[in-house]
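In this text, residue positions in the sequence shown follow the numbering used here: the first is 4, and each later residue adds one.
Ideal Cβ placement from N, Cα and C applies to all residues, glycine included.
Given the structure is predicted, the values throughout are model-derived calculations rather than measurements.
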Amino acid sequence: MKSSSPTSMLRWVMISLAFFATLVNYLDRQALSVAAPILQNRFQLTNIDYSHVLFAFMLAYTIMNGASGLIIDRLGTKFGYGLFVAWWSSCAMLHIFARGVWSLGILRFLVGVGEAGNWPGAVKVVAEWFRPEERSLASGIFNSGSAAGAILAPPLIAGLVLKFGWRSAFVAVGSLGFTWLIAWMVLYQAPEEDTDSPDLPPPPALRILLQSRFVWTFTISKIFVDPVWYFYVFWFPTYLWHARHFSLASIGRYAWIPFFVAGMGSIGGGLIAKGFLIVKASASGARKAAVTVAAALMLMAIPAVHVPGSALSIAFVSIAMAGYTAALANMLAMPGDIFPAEGVASVYGLASMGSGFGGMVFALITGWLVERYSYVPVFWMFGIIPLFCVAILWILMGPLEHDRQFPKESTATLV
Numbered sequence: 004m005k006s007s008s009p010t011s012m013l014r015w016v017m018i019s020l021a022f023f024a025t026l027v028n029y030l031d032r033q034a035l036s037v038a039a040p041i042l043q044n045r046f047q048l049t050n051i052d053y054s055h056v057l058f059a060f061m062l063a064y065t066i067m068n069g070a071s072g073l074i075i076d077r078l079g080t081k082f083g084y085g086l087f088v089a090w091w092s093s094c095a096m097l098h099i100f101a102r103g104v105w106s107l108g109i110l111r112f113l114v115g116v117g118e119a120g121n122w123p124g125a126v127k128v129v130a131e132w133f134r135p136e137e138r139s140l141a142s143g144i145f146n147s148g149s150a151a152g153a154i155l156a157p158p159l160i161a162g163l164v165l166k167f168g169w170r171s172a173f174v175a176v177g178s179l180g181f182t183w184l185i186a187w188m189v190l191y192q193a194p195e196e197d198t199d200s201p202d203l204p205p206p207p208a209l210r211i212l213l214q215s216r217f218v219w220t221f222t223i224s225k226i227f228v229d230p231v232w233y234f235y236v237f238w239f240p241t242y243l244w245h246a247r248h249f250s251l252a253s254i255g256r257y258a259w260i261p262f263f264v265a266g267m268g269s270i271g272g273g274l275i276a277k278g279f280l281i282v283k284a285s286a287s288g289a290r291k292a293a294v295t296v297a298a299a300l301m302l303m304a305i306p307a308v309h310v311p312g313s314a315l316s317i318a319f320v321s322i323a324m325a326g327y328t329a330a331l332a333n334m335l336a337m338p339g340d341i342f343p344a345e346g347v348a349s350v351y352g353l354a355s356m357g358s359g360f361g362g363m364v365f366a367l368i369t370g371w372l373v374e375r376y377s378y379v380p381v382f383w384m385f386g387i388i389p390l391f392c393v394a395i396l397w398i399l400m401g402p403l404e405h406d407r408q409f410p411k412e413s414t415a416t417l418v
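Set out below in structure tokens:
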């Protein structure tokens with residue numbers, strides 16, 4: 004067996020690189036959210052202003068999700084993925100020049116352009132290096148980097164802000180991105196069975212992807228699930244600050260807990276799907292059933308906002324966030340179930356436009372609801388909307404083993 008085939012031990016090195024890229028990605032995102040209470044005071048930002056800054060990030064993220072996968076598929080995993088990490092790390096460091104809502108919004112827009120490449124790149128690593136039955140677990144591993152980054156961010160970012168000022172946090176996370184980039188360029192390689200082939204099939208054409216029933220339904224489903232995570236990433240520290248009256252030091256001590264639990268959810272999502280496979284469910288049914296279980300856990304957002312004690316609130320939020328990561332571990336694996344490795348970054352990038360669109364819309368709704376009312380309707384909203392995702396997967400998507408409008412066996416030759 005070739006040493007760098009998708010069944011070799013080297014695949015764990017490759018997925019580890021994707022894990023650390025995702026970790027750095029979320030340190031960068033959390034640098035804003037943890038520092039947000041300080042930035043809101045310094046720049047006199049209302050909750051609506053803050054939602055506009057988030058909207059700018061999500062707007063760029065949405066636009067570039069449609070292009071990032073296509074770019075990575077054409078440049079190749081090594082250079083395409085590396086390009087996006089270099090871009091977002093540079094833009095993170097430029098935050099030291101922020102002076103108010105407009106400059107902060109522009110900088111977050113530029114970061115969103117780069118960060119859109121992380122998931123298409125990582126999904127492509129999974130498709131290149133892992134067999135279908137391993138992809139949920141591999142996806143959960145790399146995606147747990149988001150939880151790991153979010154775990155490290157509150158104490159790290161809060162400590163930097165309190166000791167050196169808010170600008171130091173953005174310099175630190177940008178520097179980490181370039182450190183990862185060096186390791187990536189040195190260590191990453193494609194499987195030998197791909198690099199040995201003189202005639203690698205090109206990625207499928209955009210017009211063909213857009214005809215796929217799976218691409219459209221997958222995109223729509225992500226509108227109703229990914230904004231749940233964005234809410235916790237971008238708003239949970241400000242929720243603790245405003246609604247639970249935490250200090251920045253207290254946010255640093257406790258805001259990491261739900262993200263730690265969420266990291267276990269990433270691995271658990273893959274195990275849930277494997278459990279359904281053990282009882283003879285189809286691959287399609289196993290993935291969808293696992294997402295359904297995860298959506299039920301996300302309903303725990305509703306009691307989180309009503310309980311009087313902060314500790315119990317954090318516990319319910321932790322369960323809800325674990326539900327999200329369990330769902331995502333299975334949804335990340337879905338494109339690889341249908342499409343060949345040379346097309347999955349394009350598919351996931353296009354589908355993630357739904358994620359970005361939902362993130363934009365629900366960010367504005369969140370800011371308006373918090374400013375006009377409270378966090379109560381917001382937590383209810385993010386507890387319920389994952390059920391719409393589940394309905395779309397079961398009713399509209401069809402079986403994952405075969406998309407009648409886009410047969411898997413023909414994708415490698417569509418140009």
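For residue i, report the span of its alpha helix (DSSP H) as first-last.
i	result
Gly386	379–387
Leu274	260–281
His245	229–245
Gly312	No alpha helix (DSSP H) contains Gly312, which DSSP labels as neither H nor E.
Met303	Run containing Met303: none; DSSP gives neither H nor E here.
Ile99	Unbroken run through Ile99: none, as it is neither H nor E.
Glu118	104–118
Ser178	169–190
Arg134	Here Arg134 belongs to no alpha helix (DSSP H), and DSSP marks it neither H nor E.
Tyr29	13–46
Ser253	251–257
Ala70	50–78
Leu209	209–212
Trp219	216–226
Within 10 angstroms of the Cβ of residue i, are there 16 or more other Cβ atoms? Answer buried if so, exposed if not.
i	result
Pro135	exposed
Ile311	Reading off the sequence shown, one finds Pro at residue 311, where the question assumed Ile. Exposed.
Lys166	exposed
Ala299	exposed
Gly346	buried
Ala354	buried
Ala34	buried
Ser381	Just to set this straight, residue 381 is Val in the shown sequence, not Ser. It is buried - the Cβ of Val381 has at least 16 other Cβ atoms within 10 Å.
Ile395	buried
Val189	exposed
Ser149	buried
Val129	buried
Thr241	buried
Val269	Per the sequence shown, residue 269 should be read as Ser rather than Val. By the neighbour-count rule (16 or more Cβ atoms within 10 Å), Ser269 is buried.
Gly103	exposed
Gln47	exposed
Tyr64	buried
Phe262	buried
Thr182	exposed
Ile18	buried
Ile398	exposed
Spatial neighbours of residue i within its chain, please: C-beta separation below 6 Å, excluding the five flanking residues on both sides.
i	result
Phe385	Val231, Phe234, Ala304
Leu280	Ala289
Phe87	Gly117, Gly120
Met139	Met is not the amino acid found at residue 139; the sequence shown has Ser there. Correct list, in chain order: Gly273, Ala276, Ala332, Asn333, Ala336.
Ala125	Ala21, Phe145
Phe237	Ser36, Leu57
Ser171	Leu163
Leu302	Gly386
Leu179	Val27
Val81	Val is not the amino acid found at residue 81; the sequence shown has Lys there. So the qualifying residues of the chain are Tyr191.
Met400	Thr220
Arg247	Ser313
Pro123	Ser71, Gly72, Ile75, Ala348, Tyr351, Gly352
Arg32	Val236
Could you pull out every residue in the same chain whose Cβ sits closer than 7 Å to the Cβ of residue i, ignoring the five residues on either side in sequence?
i	result
Ser200	Reliability of the predicted coordinates at Ser200 is poor, the pLDDT of 42 falling under 50, and the value obtained from them is presented with this limitation in mind. Hits under 7 Å: none found.
Val421	The requested residue 421 does not occur in the structure, where the chain is confined to residues 4 to 418.
Ile260	Ile317, Ser321
Trp90	Val116, Gly117
For residue i, which residues from the same chain have a beta carbon less than 8 Å from its beta carbon, with the 5 sequence-adjacent residues on both sides left out?
i	result
Leu78	Leu86
At a cut of 8 Å, does the segment 331–344 reach the segment 208–228 through at least three beta carbon pairs?
yes
Would you call the segment 53–65 and the segment 255–264 in contact, with 3 or more CB pairs under 8 Å?
At 8 Å Cβ cutoff, the stretches do not touch.
If we count Cβ pairs, one from each stretch, closer than 8 Å, do we get three or more for the segment 363–375 versus the segment 294–304?
no
Taking 8 Å as the threshold, find out whether the segment 222–229 comes into contact with the segment 100–115 through three or more Cβ pairs.
no
Contact between the segment 88–101 and the segment 141–160 (3+ Cβ pairs under 8 Å):
no
Assess, as a yes-or-no matter, whether the segment 355–365 is touched by the segment 153–162 under the definition of 3 or more beta carbon pairs within less than 8 Å.
no
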